Structures are given as C-alpha cells and as structure tokens.
C-alpha cells in the first residue's frame, strides 16, 4: 500500500489518523481532504490505494462521496474505510457497510485501524 487518502473535516482527528497510519505503514504517502467534495476530487486525481473517509462532513458527506467513487471507479474502486461516531444513525452506518470494507467507530485505536486495513489487504 503506497498511497492513502484521509477525508476528515476535523483537523485534530485528521492529524491523529495521519500519525496512526505513519506508525502502521512507515513511508506511506498520505493525502488529506476536509470534506467529501475535496476528497472526491483528490481520489479521482491521485487514485489512492486506500481511502479513509468520515461519514458526517460538510459540503458532501461520506456516503455521497462513496457513491460517487463507486460510480466513477466501477470495479476498480479502491478499498474504503469509513470513520464515524455514535451520532450517525444505524441506517447510515448500514449503508456505509454496503460500500466500505469496514466502519471504524471514533475514537479508534491503532489496533482497530490495523485490523481494518488488514481487511483491505486480504482481498
């Protein structure tokens, strides 16, 4: 895994996720976006190997972004890992699980992130 895109609207949490990824995958190239619209543009331009995306974001939420990526990439869709908190509805989480390899509940640990990334590699 060489390139990862992190799409998260909270600067502090995005920084934490970047630190966790660097600890798990030293030397990985990480791009960042603050909302789904920015994330979609970066995903289409950079074609990352993995995308971590928050569900609840301004401008374009994670579900809308995931659907747009699915349409744009088709069968070549890179693995998606959703990040969320308890405020999202069960329906929203179920929808994300239908597109994403895993849904991580915030705050998540290094071990939980490693396990989720492992799900993307096993395919």
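Residue numbers (this note's numbering): 166 to 288. Ideal Cβ placement from N, Cα and C applies to all residues, glycine included. Small disclaimer: the values here were computed from a predicted structure and weren't measured.
* Do residue 228 and residue 260 have their C-beta atoms closer together than 8 Å? -> Mapped onto the chain shown, residue 228 falls at position 63. Mapped onto the chain shown, residue 260 falls at position 95. Closer than 8 Å, so yes.
* From residue 254 to residue 201, what does the alpha carbon distance come to, in whole angstroms? -> On the chain shown, residue 254 is found 89 positions in, with the first residue counted as 1. On the chain shown, residue 201 is found 36 positions in, with the first residue counted as 1. Using only the alpha carbons, I get a separation of about 19 Å.
* Go ahead and label residue 167 buried or exposed: buried means 16 or more other beta carbons lie within 10 angstroms of its beta carbon, across all protein chains shown. => The residue given as residue 167 occupies position 2 in the chain shown. Burial call: exposed.
* What separation, rounded to the nearest whole angstrom, lies between the Cα atoms of residue 170 and residue 248? -> Position 5 of the chain shown, counting from 1, holds the residue named residue 170. Position 83 of the chain shown, counting from 1, holds the residue named residue 248. Approximately 13 Å between the Cα atoms of the pair.
* Asked: Hey, would you say the C-beta of residue 284 is under 7 Å away from at least one heavy atom of the ligand NAP?
  -> The model depicted lacks the ligand NAP and carries no ligand whatsoever.
* Secondary structure of residue 219, DSSP reduced to three states -> Residue mapping note: residue 219 aligns to position 54 of the chain shown, counting from 1. Three-state result, residue 219: strand.
* Should residue 284 and residue 185 be called a contact, given that it needs their Cβ atoms to be closer than 8 Å? -> As a working note, residue 284 is residue 119 in the chain shown. As a working note, residue 185 is residue 20 in the chain shown. Contact: no.
* With a cut-off of 8 Å on the beta carbons, I'd call residue 242 and residue 232 a contact; round off their distance for me. => Within the chain shown, numbered from 1, the residue matching residue 242 stands at position 77. Within the chain shown, numbered from 1, the residue matching residue 232 stands at position 67. The Cβ separation is near 11 Å, so there is no contact.
* Alpha carbon to alpha carbon, how far is residue 180 from residue 189? Give it in angstroms, no decimals. => Taking the chain shown and counting its residues from 1, one reaches residue 189 at position 24. Taking the chain shown and counting its residues from 1, one reaches residue 180 at position 15. The alpha-carbon separation between residue 189 and residue 180 amounts to approximately 14 Å.
* Quick one: Cα of residue 258 to Cα of residue 240, how far? -> Numbered from 1 along the chain shown, position 93 holds the residue referred to as residue 258. Numbered from 1 along the chain shown, position 75 holds the residue referred to as residue 240. Approximately 22 Å between the Cα atoms of the pair.
* Asked: How big is the Cα-Cα spacing for residue 221 and residue 212?
  -> The residue you call residue 221 lines up with position 56 of the chain shown. The residue you call residue 212 lines up with position 47 of the chain shown. In this structure, the alpha-carbon of residue 221 lies about 22 Å from that of residue 212.
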